[in-house]
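Working notes, beginning with the structure itself.
Dropping the structure here:
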């Protein structure tokens, strides 16, 4: 299948669960995840505890079902972003830290790092820094609630970083689902109005102000509301 071109700028409802399944190869062992290069991918995951995840979705379907949907979509994304043959290494940045035993039992054979930071910006900045300070030449991070996120998109992001300072994947809600870079850029994670429709635009504005080159991946949707869930079922 031909990849979509990236824009380059140099300056427990059964139908719900069926819709969230994916026919894909099973989880691999850590040995299978050793990269043949210095590309490292971090996926940021919050433990699916009722009342603590997908709160907007929970208003319509209840906290128990929303948490189960969160678990299902995370498992789907984990399968879909498994590297084919060592194109990148993958680490799970998990939260909260006291749930480590549940994470290990749930997502077996993964490598885990606790999220650090007071808000989402600090957590992403720290995740990027951890990857770059521990052997990554190129670092990419995403969340775990993007139903159409695949390893092909992750690989495309790493390829783009050969010629751009930053790669970013815009989301339909005005945020972004992926960001990657070759060196820390803490300015991208400061003074951003997180969880609003302005996040992507504010980040691009900062990139232009810094004079950094960037490329934009295809537009995707995350899963936050009942409308997002309905779109998956359709």
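Residue numbers (the working numbering): 266 to 499.
The beta-carbon is built from N, C-alpha and C at its ideal position, and this holds for glycine as well.
Remember, predicted model here, so these are calculated numbers, not experimental data.
Fully enclosed by the region 318-380, which beta strand (DSSP E) runs are 3 residues long or longer?
-> 354-360 and 377-379
Straight-line CA distance for residue 432 to residue 314?
-> 31 Å
Leaving out five residues on either side along the sequence, give the residues of the same chain with a beta carbon under 8 Å from the beta carbon of residue 493.
-> 322, 486 and 487
Less than 9 Å separating the beta-carbons of residue 373 and residue 358?
-> Going by C-beta atoms, residue 373 is not nearer than 9 Å to residue 358.
Hey, could you find the ends of the beta strand (DSSP E) residue 469 is sitting in?
-> First-last for residue 469: 464-475, but that is the alpha helix (DSSP H), not the beta strand (DSSP E).
How many Å lie between residue 451 and residue 309 at the Cα?
-> 18 Å
First and last residue of the beta strand (DSSP E) that includes residue 305?
-> 304-311
N-terminal and C-terminal residue of the beta strand (DSSP E) that residue 434 is part of = 431-435
Taking 9 Å as the cut-off, decide whether the C-beta atoms of residue 354 and residue 376 are in contact.
-> yes
Quick one: give me the first and last residue of the alpha helix (DSSP H) that residue 408 is part of.
-> Counting along the chain, residue 408 falls outside any alpha helix (DSSP H), though it belongs to the beta strand (DSSP E) covering 403-408.
What's the call for residue 419, buried or exposed, on a 16-neighbour Cβ count within 10 Å?
-> So residue 419 counts as buried.
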